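Quick mapping for you: the protein sequence lines, in order, are chains A and B.
Okay, so the first sequence: first residue is 1 according to full-length UniProt numbering, each after it adds one.
Okay, so the second sequence: first residue is 1 according to full-length UniProt numbering, each after it adds one.
Don't be surprised by glycine CBs; every beta carbon is placed ideally from N, CA and C.
A quick note: this is a predicted structure, and the numbers were derived from the prediction, not measured.
2 protein chains.
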Amino acid sequence: MADPVVLKTFFDKVDNLQDHYVERLREAVAIKSVSADAAFRDEVFKMGQWLVELFQKLGVSHESVDIGTQVLDGKTIKLPPIILGTYGNDPNKKTILIYGHYDVQPALLEDGWNSSPFDLTETPKHQLIGRGSSDDKGPVIGWLNAIEAHQKAGIELPVNLKFCFEGMEESGSEGMDEVILKESKRYFVGVDAVCISDNYWLGVTKPCLTYGLRGISYFKITVSGPGRDLHSGVFGGTVHEPMTDLILLFSKLVSPSGEILIPGINDDVEPLTEKENKIYESIEFTLDEYHAAIESKTTIHDDKIKILQHRWRFPSLSIHGIEGAFSAPGMKTVLPAKVIGKFSIRLVPHMEPDRVNALVEKFLTEEFAKLGSKNTLNVECAHGAKAWVASPDHWNYVAAAKAVERVFNVHPDYTREGGSIPITLTFQDALNKNVLLLPMGRGDDGAHSTNEKLDRSNYIEGIKLFGAYLHEVAAIKAD
Amino acid sequence: MADPVVLKTFFDKVDNLQDHYVERLREAVAIKSVSADAAFRDEVFKMGQWLVELFQKLGVSHESVDIGTQVLDGKTIKLPPIILGTYGNDPNKKTILIYGHYDVQPALLEDGWNSSPFDLTETPKHQLIGRGSSDDKGPVIGWLNAIEAHQKAGIELPVNLKFCFEGMEESGSEGMDEVILKESKRYFVGVDAVCISDNYWLGVTKPCLTYGLRGISYFKITVSGPGRDLHSGVFGGTVHEPMTDLILLFSKLVSPSGEILIPGINDDVEPLTEKENKIYESIEFTLDEYHAAIESKTTIHDDKIKILQHRWRFPSLSIHGIEGAFSAPGMKTVLPAKVIGKFSIRLVPHMEPDRVNALVEKFLTEEFAKLGSKNTLNVECAHGAKAWVASPDHWNYVAAAKAVERVFNVHPDYTREGGSIPITLTFQDALNKNVLLLPMGRGDDGAHSTNEKLDRSNYIEGIKLFGAYLHEVAAIKAD
Ligand SMILES: [Zn+2]
Ligand SMILES: [Zn+2]
Ligand SMILES: [Zn+2]
Ligand SMILES: [Zn+2]
Numbered sequence: 001m002a003d004p005v006v007l008k009t010f011f012d013k014v015d016n017l018q019d020h021y022v023e024r025l026r027e028a029v030a031i032k033s034v035s036a037d038a039a040f041r042d043e044v045f046k047m048g049q050w051l052v053e054l055f056q057k058l059g060v061s062h063e064s065v066d067i068g069t070q071v072l073d074g075k076t077i078k079l080p081p082i083i084l085g086t087y088g089n090d091p092n093k094k095t096i097l098i099y100g101h102y103d104v105q106p107a108l109l110e111d112g113w114n115s116s117p118f119d120l121t122e123t124p125k126h127q128l129i130g131r132g133s134s135d136d137k138g139p140v141i142g143w144l145n146a147i148e149a150h151q152k153a154g155i156e157l158p159v160n161l162k163f164c165f166e167g168m169e170e171s172g173s174e175g176m177d178e179v180i181l182k183e184s185k186r187y188f189v190g191v192d193a194v195c196i197s198d199n200y201w202l203g204v205t206k207p208c209l210t211y212g213l214r215g216i217s218y219f220k221i222t223v224s225g226p227g228r229d230l231h232s233g234v235f236g237g238t239v240h241e242p243m244t245d246l247i248l249l250f251s252k253l254v255s256p257s258g259e260i261l262i263p264g265i266n267d268d269v270e271p272l273t274e275k276e277n278k279i280y281e282s283i284e285f286t287l288d289e290y291h292a293a294i295e296s297k298t299t300i301h302d303d304k305i306k307i308l309q310h311r312w313r314f315p316s317l318s319i320h321g322i323e324g325a326f327s328a329p330g331m332k333t334v335l336p337a338k339v340i341g342k343f344s345i346r347l348v349p350h351m352e353p354d355r356v357n358a359l360v361e362k363f364l365t366e367e368f369a370k371l372g373s374k375n376t377l378n379v380e381c382a383h384g385a386k387a388w389v390a391s392p393d394h395w396n397y398v399a400a401a402k403a404v405e406r407v408f409n410v411h412p413d414y415t416r417e418g419g420s421i422p423i424t425l426t427f428q429d430a431l432n433k434n435v436l437l438l439p440m441g442r443g444d445d446g447a448h449s450t451n452e453k454l455d456r457s458n459y460i461e462g463i464k465l466f467g468a469y470l471h472e473v474a475a476i477k478a479d
Numbered sequence: 001m002a003d004p005v006v007l008k009t010f011f012d013k014v015d016n017l018q019d020h021y022v023e024r025l026r027e028a029v030a031i032k033s034v035s036a037d038a039a040f041r042d043e044v045f046k047m048g049q050w051l052v053e054l055f056q057k058l059g060v061s062h063e064s065v066d067i068g069t070q071v072l073d074g075k076t077i078k079l080p081p082i083i084l085g086t087y088g089n090d091p092n093k094k095t096i097l098i099y100g101h102y103d104v105q106p107a108l109l110e111d112g113w114n115s116s117p118f119d120l121t122e123t124p125k126h127q128l129i130g131r132g133s134s135d136d137k138g139p140v141i142g143w144l145n146a147i148e149a150h151q152k153a154g155i156e157l158p159v160n161l162k163f164c165f166e167g168m169e170e171s172g173s174e175g176m177d178e179v180i181l182k183e184s185k186r187y188f189v190g191v192d193a194v195c196i197s198d199n200y201w202l203g204v205t206k207p208c209l210t211y212g213l214r215g216i217s218y219f220k221i222t223v224s225g226p227g228r229d230l231h232s233g234v235f236g237g238t239v240h241e242p243m244t245d246l247i248l249l250f251s252k253l254v255s256p257s258g259e260i261l262i263p264g265i266n267d268d269v270e271p272l273t274e275k276e277n278k279i280y281e282s283i284e285f286t287l288d289e290y291h292a293a294i295e296s297k298t299t300i301h302d303d304k305i306k307i308l309q310h311r312w313r314f315p316s317l318s319i320h321g322i323e324g325a326f327s328a329p330g331m332k333t334v335l336p337a338k339v340i341g342k343f344s345i346r347l348v349p350h351m352e353p354d355r356v357n358a359l360v361e362k363f364l365t366e367e368f369a370k371l372g373s374k375n376t377l378n379v380e381c382a383h384g385a386k387a388w389v390a391s392p393d394h395w396n397y398v399a400a401a402k403a404v405e406r407v408f409n410v411h412p413d414y415t416r417e418g419g420s421i422p423i424t425l426t427f428q429d430a431l432n433k434n435v436l437l438l439p440m441g442r443g444d445d446g447a448h449s450t451n452e453k454l455d456r457s458n459y460i461e462g463i464k465l466f467g468a469y470l471h472e473v474a475a476i477k478a479d
């Protein structure tokens, strides 16, 4: 266990510096590093440079990896660098790799922000409102603040750190996989575990460690018939309509209660154990909270554990929409010539995207043949990503749980998430090391929404959490 | 039977005047009477005035019915008048009411026209290309040309004529139904039959008389669930998805071979008789032609008679699309909160829109209940119009068939159409008289497309046809 006196000294220093840290976050939020819009690309570079300067100030050695160019809005523009950093290289210490991103989602005052999105604004309830405050500038700067507090308190950092900060996370993490794969044999050699702070508490009061994410297989199924859109009055009743076929295929996929009907799909789902079931019982989460989040009471299950399990550890299938059909308001009597149906399956351990794709393709092809239609079917898996799950028993998690207890005086909840953060799996597979998701913000931070915020307490206690985690990592016996 | 010598004199006069008639059409096409665009409203009025001046020149007495204003593109603008005309009022003659419209569809050179759309251009194959040439300026002017040819040939018109020309047909026939209903007790008193020339031959070589049109019931079914769109990763598997429910409802409507599955819907369909079946045998129509029109070979039936019957005299159901779901290219993992599915049923005799709506609503409500979903369903019939069918044995049709034989030396095909021309039914119901659809143009005229055309021969022979029809009407014994 980490030395309580040392931690106390560190915590006090963080408390003393808290206004300074808020000012630092304000500076970073003011840089409009929106990666999705070519007009803001200079600002993304500026944000990268801002981080490099902070690295220099703190004595973190660094490298900027140039990942080339992209075509955006019809222009070829430079991609922002992936910034690597190293702080300490004592062979007797463990080495933790920290990932984060310095780009942000777009934000416009007229979207409904209560204050200018790039001017960090503190409310009377001490919410720090601003684009990127919680996703992901707060956490990224949090790590550097933790180093600074150690330096100012005269405490040696008990682990070596590696950093990997990208500037394209909100826009598909261009070039990131390649860099992780390449650097796993060079810059990241010697890393013992990975920590990512780019998600959120489940609710608003209790800290959590996140140990699983669902994967996804995204499908586009195209049914083509006539060479052009037809008028339903003139042609209806005489041609095989692509919409009819697509709807019938769609109707075979999932039941109204969410059960996936594609044969074989559920076979690979890891069985639920008694032990795992237990984890869910204590999680702080209520049905009312969930109804508030979806703004209705249309949940399939009314039981907390079932809801969480169907979000996190069971697969689901959602039909997103149809490209090529009539989608505007009003009435149009079109008979669409070609329709592209889109649906996705959320994957869980041990579903493999390749096997899922094969099952989907086989099933849809067979069902289409049964229709006796002269139209043409094409099934395409447009994107596939495996689920990720880590063992909460690994020392990396045990250390983080102890850190949570030190800072918050509670044992954390162990959560998973329904969506995917593909980078997590890339790090795990490339480095073959445990990956921990250690969130700083709360479930209501509104990462990609208007009025994104980070509570001042989450920011400041988060800096303490990050530091405490490193001390617990140093103290724990790695297996 | 009409006097062959008189007809020959009339036909010769029309042939003599044909260049004059083409020039007259050119003048009319040059007036950009696009009713859908407020910027062209003056031109629609100008076109109405042009017709009034032609009426005056020919001695047709007339009235302009002011139908008030409309709001278009945010402005309140005047509606173009409905122009009524009377030519002759001999109580010993039959009276025929002629309907047509003087407005046209929008047209821009950059849409892909080979020549300026409002400059009538004659090709080496004698196609008169120009917006409105076939729909509906050629036919409207055709009637007036026929009167003029009679006058110049010194032949008395053997019937009385009433005219009803509107300037809003391409934009929902604003105010038209009310005028027909009102004038049925005043201006249209004494009318014996109605003739509308605003459709087309089935193919490109053989004239036809059109005696039926399908109606339509257009449905919007709304499934609502969450209060906002959700992310399928975060929420998929835990909420009743409106898309899943809508797809399952859609899947119950129609089979891949076009059979409507809603119980009771087919009960009211008029049984096919041997006699009716016979009509279809001789119709000039080939499968190849149809495959060319739909630009594929995805017809449900490969038999000419079945194709025509399913187009014209059997109901059909088409699913048009979904409002509220993801419809753009690319991938989006949205779980739509509210989706509005749109489909329509083409109605045939003796289906009643009210009964159809009741059956659809009952069926969908029952099927939705079976889903066990917590979402909410709303079924709305957004538009309903009955089918129309006239007896081809009526003297109005017999006279027209004789006229076709006089001009083209063939017996016409008897066709129906799959779409609706609502005015047809309005005239029939308001006047309680037989309505004949007597097309001037060919099936490939491209009425609402780029390069709309009217073949010179269809225009000139059409003028003869209109005149001959009036003579045959006069000669025939009305029952
Ligand atoms: Zn993020
Ligand atoms: Zn984000
Ligand atoms: Zn028309
Ligand atoms: Zn038209």
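For the alpha helix (DSSP H) containing residue 485 of chain A, list its first residue and its last residue. For residue 485 of chain A there is no data in the structure shown, the boundaries of chain A being 1 and 479.
I'd like to know whether the C-beta atoms of residue 347 of chain B and residue 386 of chain B end up nearer to each other than 8 Å. yes
Using the beta-carbon of each residue, which ones in chain A are nearer than 8 Å to residue 248 of chain B? 251 and 256
Once DSSP output is grouped into helix, strand and coil, what is the label at residue 451 of chain B? coil
Quick check on the DSSP output: the alpha helix (DSSP H) that includes residue 310 of chain A runs from which residue to which? 304-312
Going by beta-carbon coordinates alone, are residue 417 of chain A and residue 272 of chain A separated by less than 8 Å? no
Backbone CA spacing between residue 284 of chain A and residue 242 of chain A [nearest angstrom]: 47 Å
Leaving out five residues on either side along the sequence, give the residues of the same chain with a beta carbon under 6 Å from the beta carbon of residue 379 of chain A. 221, 361 and 364
At 8 Å on the CB atoms, spell out the chain A contacts of residue 328 of chain B, in chain order. 323
C-beta neighbour in chain B for residue 314 of chain A, strict 8 Å: yes
Backbone secondary structure at residue 442 of chain A - three-state DSSP: coil
8 Å contact criterion, which residue 300 of chain A and residue 238 of chain B should meet: CB distance rounded: 6 Å
With 8 Å set as the bound, which would you pick, yes or no: does the beta-carbon of residue 375 of chain A sit closer than that to a beta-carbon of chain B? yes
Give the interface partners of residue 382 of chain A over in chain B, defined as CB-CB distance under 8 Å, in chain order. 331
How about residue 447 of chain A: is its Cβ closer than 7 Å to a heavy atom in ligand 2? yes
If you measure from the beta carbon of residue 363 of chain A to each beta carbon in chain B, is any gap under 8 Å? no
Sorry if obvious, but does the Cβ on residue 483 of chain B come closer than 7 Å to a heavy atom of ligand 3? Because residue 483 of chain B is not part of the residues shown, which for chain B are 1 to 479, the question remains open.
Any chance you could list the residues with Cβ under 6 Å from a heavy atom of ligand 3, keeping chain order? B:101, B:135, B:136, B:169 and B:198
Give the single residue among B:384, B:229 and B:233 whose Cα lies nearest to the Cα of residue 219 of chain B. B:384
Interface flag, residue 426 of chain A vs chain B, CB-CB below 8 Å: no
Where does the unbroken alpha helix (DSSP H) through residue 225 of chain B begin, and where does it stop? No alpha helix (DSSP H) contains residue 225 of chain B, which DSSP labels as neither H nor E.
With distances taken Cα to Cα, identify the nearest neighbour of residue 235 of chain A among B:202, B:234 and B:245. B:202
Below-8 Å beta-carbon distance, residue 342 of chain A vs any chain B residue: yes
Cα separation between residue 251 of chain A and residue 253 of chain B? 12 Å
Within the same chain, show all residues whose beta-carbon is closer than 8 Å to that of residue 335 of chain B, passing over the 5 residues directly before and after it, in chain order. 226, 229, 230, 231, 232, 235, 236, 239, 241 and 243
Considering only the beta carbon of each residue, do residue 265 of chain A and residue 389 of chain A sit closer than 8 Å? no
Is the separation between the beta-carbon of residue 130 of chain B and that of residue 5 of chain B shorter than 8 Å? no
In whole angstroms, what separates the C-alpha of residue 106 of chain B from that of residue 132 of chain B? 10 Å
Residue 428 of chain A CB to nearest heavy atom of ligand 2 below 7 Å: no
Tell me whether residue 319 of chain B sits in a helix, a strand or coil according to DSSP, three-state version. strand
In terms of alpha-carbon separation, which member of B:186, B:137 and B:245 lies closest to residue 373 of chain B? B:245
Is there at least one Cβ from chain B nearer than 8 Å to residue 226 of chain A's Cβ? yes
Got a sec: does ligand 4 put a non-hydrogen atom nearer than 7 Å to the Cβ of residue 49 of chain B? no
Determine the contact status of residue 64 of chain A and residue 86 of chain A, defining contact as a CB-CB distance below 8 Å. no
Could you work out which residues of chain B lie near residue 283 of chain A, taking near to mean beta carbons separated by less than 9 Å? The contacting residues do not exist; residue 283 of chain A stays about 14 Å from chain B at best.
When we look at the beta-carbon of residue 302 of chain B and count the other beta-carbons within 10 Å, is it buried (16 or more) or exposed? exposed
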